[in-house]
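**Q** Each residue of the sequence shown is one higher than the one before, counting from 64 in the numbering used here. Structure below; questions to follow.
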Amino acid sequence: MDRKRPRDDDGDAAGGAGDGGEVALSIEETNRLRISLGLKPLNLDAPKADDVARKNAEEARKKKEQEERAKQFLARQAEKKSQCVQDDFLNVKTLGEEDDVDDMETWL
């Protein structure tokens, strides 16, 4: 004879963990169970939504500022490199300019 267990709102068979189902308890029930097992109860003071939103906004602002500083730094570095390359190019001696080495002995 098959006995069917009554189903709860989720469609899972009511019963225990022996079925492999999930048992849902409220925080108060969980705390009572934890205390009976000698464990520390869970904290009931959840962070407020405003505090979480404010913290997320602050983190996003800081990340954006850091990215902007990094972008500015890279732009300055590229500008400096470009200036150095241009200076090196302008300081190259051309074929028409006179070298200090005129003869073989001083060259060696």
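A virtual CB, placed ideally from N, CA and C, is assigned to each residue, including glycine.
(1) Considering only C-alpha positions, which residue in the set ASN94, ARG117, THR157 is nearest to PRO104?
(2) How many angstroms separate the CA atom of ASN119 from the CA atom of LYS126?
(3) Taking the alpha helix (DSSP H) that LYS125 belongs to, which residues open and close that run?
(4) Over what stretch of residues does the alpha helix (DSSP H) that includes THR93 continue unbroken?
(5) Excluding the 5 residues preceding and the 5 following GLU121 in the sequence, name in chain order all residues of the same chain whose CB lies nearer than 7 angstroms to its CB.
(6) For LEU96 versus LEU88, is the C-beta distance shorter than 8 angstroms?
(7) Cα separation between ALA133 and ALA141?
(8) What separation, rounded to the nearest whole angstrom, lies between the Cα atoms of CYS147 and LEU153?
**A** Let me lay it out:
(1) ASN94
(2) 10 angstroms
(3) 112 to 153
(4) 90 to 99
(5) none
(6) yes
(7) 12 angstroms
(8) 10 angstroms
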